[in-house]
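Colleague: Following this message is one structure expressed as structure tokens.
Protein chains: 2
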Amino acid sequence: MNKNNYCVIMAGGIGSRFWPMSTQKLPKQFHDILGTGRTMIQQTFDRISQLIPTENIYVITNQEYVGLSQQQLPEIPVENIVGEPAMKNTSACNLYMAKKIENVNPNANIIVMPADHLILKEKAFLEKVELAFEITSNNDYLVTLGITPSRPDTGYGYIQFIQENNEDYSKVKTFTEKPDLDIAKSFIESGDFLWNAGIFIWSTKSILAAFKKYLPEMTNQFNNCEFNCAAEKECIDQIYPTVSKISIDNGILEKANNVYVIPANLGWSDLGTWSSVYANANKNDDNNAISSKNVLTYNSNGNVIRIKNQNKAAVIDGLKNYIIVDTEKALLICPRDNDQLIKDYVLDLKNLKKGERFI
Amino acid sequence: MNKNNYCVIMAGGIGSRFWPMSTQKLPKQFHDILGTGRTMIQQTFDRISQLIPTENIYVITNQEYVGLSQQQLPEIPVENIVGEPAMKNTSACNLYMAKKIENVNPNANIIVMPADHLILKEKAFLEKVELAFEITSNNDYLVTLGITPSRPDTGYGYIQFIQENNEDYSKVKTFTEKPDLDIAKSFIESGDFLWNAGIFIWSTKSILAAFKKYLPEMTNQFNNCEFNCAAEKECIDQIYPTVSKISIDNGILEKANNVYVIPANLGWSDLGTWSSVYANANKNDDNNAISSKNVLTYNSNGNVIRIKNQNKAAVIDGLKNYIIVDTEKALLICPRDNDQLIKDYVLDLKNLKKGERFI
């Protein structure tokens, strides 16, 4: 394995669309949401650790989840699991991690990836990442993996690329946020759009140069700190409250003119909703996705059924295309088509007296 | 209060049609199934204790439920809560209790009633019971309260009476078990049928004479025992295994020719199914019967919703006319129309490996 290659797993999300399975105390990335035996962050680690030395794998998450991350990823050195004192979107955490890694290895290449996405085609993924590292080692390029789209999904961001040669990668023309259906359809038809999976590969040199150019104030803030020493935490705690809340897409990638995309067919899903979990989960003969033992269904199909307590029985009769999630603290029953409303349910619950404790 | 009047509350049922709320460990009669703040057996006690001295109120139940009955009815002397060593239907328990009560008061009148029925018209009920005691004090009659039927229900037994005078009670012609719908309709049209609510009033003299005549073997078995003394339990444990399993209706009332019925409009329901609970429970603006706090419903109506853990949240979207019952050990979701299938679900669960523990 190339010792200049590093990975940063971004694991700071709250996953409120997966309530009540996912809660603020135990968000989606720490759940085995597909019922495969490994949590999402563990699957992400398992995948990338085939390519990158364990000691070069970092996790950036909220301070609240440092302990959870350590428990679930005991292979990673504890000092590589880094807690942010506040949620500041993805620019700040990427700058923070680039500074930390540059400090230990100025020749580092980094792959940055979310902790909670599904990638079925592991071999293709690893090959594309190796290609990306080769590119970023030899060029001042910011590289992203662009997912070959399979449908005009309105829930994803799109990357438009410039088809100018037969290479395995292309220059990015634009980043587009979630489009409406007509636009998404035209994107698919044009053939020059890919899904933005939030997977980025760059050298510390290139990304720090881009930060200096496009987010100079944030760069100055982080330059005040020393990294990988006792003073780091205090300095980070001090600058974080005033750091800009901006995504790496908006802050850097949409502005930079050295962004390249590698088209990749990865069997990828962001597992952003219960419907996408349903689509990717194992289903039984009745097309129910049930990860719990002791569940009996009658005249029921197309459901996602999650009973957290494996010793609890469930009998479900007459439900079609529903989400049924039962935890110690809450029960959710709703049509699969309404999975986008779960965030609203949670808000409504918060408005109930003392509702905070369910979330 | 008349010190010759006694009550026997029959509380031996298992209530499997109310799974998972009702379980073998904690059956229906010990639940506040309507969400009124008192369990069914407590409501039964509250009602009858207005007429009968507390020390004259007895509970006959399975030995397993003696402790529960004591907990829920601390007003009753502990020796009045009697445990049967086996389920033997209603003849044996009625003979047992008649013998016990005769032993302390040979002039006793007894009202026998189930622990788990709903009676809304308390005043009418108490008046009819007083009338019944008056009748049984002065006549060798076995008296039952017959409920004025409001619909051709096929789930109840019927009592046909002989309309021969303008009195408040009539001689019973026949007892009929659950009829089919056409017959039930003809019963209602004829005007001389009432529902059998399993509420009986008799003197110990009359009922013991009837047992001697119609169930002589059982009478001999119980005559071998002494009651209200140290030897009682051992003797009962000895005879019970060989005692006939027969209902009081089949064993005595259908044969006796001194059975009288008092028609009564009591707002009565046996609460035999979740549907009857739904019919009798308080409902909100969406016609949902919810006895739990912290339940949010969307686009849902006509449901019975019971979340046993009052600290648990529930979000229910898009269900109409369902039963949703959540306990620590099991979750049930089924159409209200399928409430008769709950016993089958429970059997299916028993067939699952180690399924017994859910029941």
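Protein chains in written order, with our numbering: chain A, 1 to 359; chain B, 1001 to 1359.
Backbone N, C-alpha and C define an ideal beta-carbon position, used for all residues, glycine too.
1) From Val82 (chain A) to Ile60 (chain A), what does the alpha carbon distance come to, in whole angstroms?
2) Thinking C-beta only, is Ile207 (chain A) closer than 8 Å to Leu142 (chain A)?
3) Return yes when the Cβ of Thr273 (chain A) is within less than 8 Å of the Cβ of Arg17 (chain A), no when it is not.
4) For Pro149 (chain A) and Ser275 (chain A), I'd like the C-alpha separation in whole angstroms.
5) So, is the C-beta of Ala1314 (chain B) closer than 8 Å to a C-beta in chain A?
6) Taking Cβ positions only, does Ala330 (chain A) come closer than 8 Å to chain B?
7) In three-state DSSP terms, what is Met10 (chain A)?
8) Check distances from the C-beta atoms of the region 181-214 of chain A to those of chain B and list, in chain order, the residues that come in under 8 Å.
9) Within 8 Å of any Cβ in chain A, is that where the Cβ of Cys1334 (chain B) sits?
10) Quick check on DSSP: helix, strand or coil for Cys1334 (chain B)?
11) By the three-class DSSP mapping on this structure, what secondary structure does Lys343 (chain A) have?
12) For Ile1009 (chain B) versus Met1113 (chain B), is the C-beta spacing smaller than 8 Å?
13) Would you say Asn223 (chain A) faces chain B, with C-beta separation under 8 Å as the test?
14) Would you please verify whether the beta carbon of Gly1302 (chain B) is less than 8 Å from any beta carbon of chain A?
15) Skipping 5 residues on each side, what residues in its chain have a beta carbon closer than 6 Å to that of Trp268 (chain A)?
16) At a Cβ threshold of 8 Å, is Asp237 (chain A) touching chain B?
17) Looking only at DSSP bridge pairs, what is Phe175 (chain A) linked to?
18) My output table needs one value for Arg47 (chain A): the three-state DSSP class, helix, strand or coil.
19) Which chain A residues sit within Cβ distance under 7 Å of Ile1307 (chain B)?
20) Below 8 Å on the Cβ atoms is my guess for Lys1308 (chain B) versus Lys312 (chain A); work out the distance and round it to an integer in Å.
21) With a threshold of 7 Å, establish whether the CB of Asn303 (chain A) neighbours any heavy atom of the ligand HEM.
22) Sort out for me which residues DSSP pairs Arg1017 (chain B) with in a bridge.
23) Taking DSSP as the reference, what is the three-state secondary structure of Phe1133 (chain B)?
24) So is Thr242 (chain A) buried or exposed if we call it buried at 16+ other beta carbons inside 10 Å?
25) Could you pull out every residue in the same chain whose Cβ sits closer than 7 Å to the Cβ of Ala1115 (chain B), ignoring the five residues on either side in sequence?
26) Please tell me whether Asn1338 (chain B) has its Cβ less than 8 Å away from any Cβ of chain A.
27) Whole beta strand (DSSP E) runs in the region 269-317 of chain A with 3 or more residues, listed along the chain?
28) Under 8 Å, CB to CB, which of the residues in the region 273-285 of chain A have a partner in chain B?
29) Give the DSSP-derived three-state secondary structure of Ser1170 (chain B) in the structure shown.
30) Check whether the Cβ atoms of Ile1111 (chain B) and Cys1007 (chain B) lie closer than 8 Å to each other.
31) Does Asp153 (chain A) pass the burial test, meaning 16 or more other C-beta atoms within 10 Å, or should it be called exposed?
32) Taking Val261 (chain A) as the reference, which of A:Ala108, A:Gly157, A:Asn109 and A:Tyr169 has the closest Cα?
33) Please classify Glu75 (chain A) as buried or exposed, where buried requires at least 16 neighbouring CB atoms within 10 angstroms.
34) For chain A, is any of its Cβ atoms less than 8 Å away from the one on Leu942 (chain B)?
Modeller: Straight from the coordinates:
1) When rounded, the distance between both Cα atoms is 5 Å.
2) Cβ distance < 8 Å, so Leu142 (chain A) and Ile207 (chain A) count as in contact.
3) Cβ distance < 8 Å, so Arg17 (chain A) and Thr273 (chain A) count as in contact.
4) C-alpha of Pro149 (chain A) to C-alpha of Ser275 (chain A): approximately 17 Å in a straight line.
5) At least one chain A Cβ lies under 8 Å of Ala1314 (chain B).
6) Yes, Ala330 (chain A) lies at the interface with chain B (some Cβ there is under 8 Å from its Cβ).
7) Of the three classes helix, strand and coil, the one that applies to Met10 (chain A) here is strand, per DSSP.
8) If you check each beta-carbon in the region 181-214 of chain A against every beta-carbon of chain B, none falls closer than 8 Å.
9) Yes, its Cβ sits closer than 8 Å to a Cβ of chain A.
10) DSSP places Cys1334 (chain B) in the strand class (E or B) of the three-state scheme.
11) Of the three classes helix, strand and coil, the one that applies to Lys343 (chain A) here is helix, per DSSP.
12) Between Ile1009 (chain B) and Met1113 (chain B), the C-beta gap is smaller than 8 Å, which places the two residues in contact.
13) Chain B contact via Cβ: absent.
14) Not one chain A Cβ lies under 8 Å of Gly1302 (chain B).
15) Hits under 6 Å: Ile119, Ile147 and Ala197.
16) Asp237 (chain A) does not count as touching chain B.
17) A:Ile159.
18) Arg47 (chain A) falls in the helix class under three-state DSSP.
19) Counting only Cβ-Cβ distances below 7 Å, Ile1307 (chain B) has contacts in chain A at Leu331, in chain order.
20) Their Cβ separation, rounded to whole angstroms, is 12 Å, which puts Lys1308 (chain B) and Lys312 (chain A) out of contact at 8 Å.
21) Absent from the structure shown: the ligand HEM. Ligands present: none.
22) In DSSP, Arg1017 (chain B) forms no bridge with anything.
23) Note: Phe1133 (chain B) maps to helix in three-state DSSP.
24) That one is exposed.
25) These residues qualify, in order along the chain: Ile1009, Met1010, Ala1011, Gln1029, Met1040, Ile1041 and Thr1044.
26) At least one chain A Cβ lies under 8 Å of Asn1338 (chain B).
27) Note on the region 269-317 of chain A: whole beta strand (DSSP E) runs with a minimum of 3 residues are 295-298, 304-307 and 313-317, in chain order.
28) Going along the region 273-285 of chain A in chain order, one finds no residue with a Cβ nearer than 8 Å to chain B.
29) Three-state result, Ser1170 (chain B): strand.
30) Yes, they are a contact pair.
31) Result: buried.
32) Looking at A:Ala108, A:Gly157, A:Asn109 and A:Tyr169, the one whose alpha-carbon comes closest to that of Val261 (chain A) is A:Tyr169.
33) Its Cβ having fewer than 16 others within 10 Å, Glu75 (chain A) is exposed.
34) There is no way to answer for residue 942 (chain B), as the model of chain B reaches only from 1001 to 1359.
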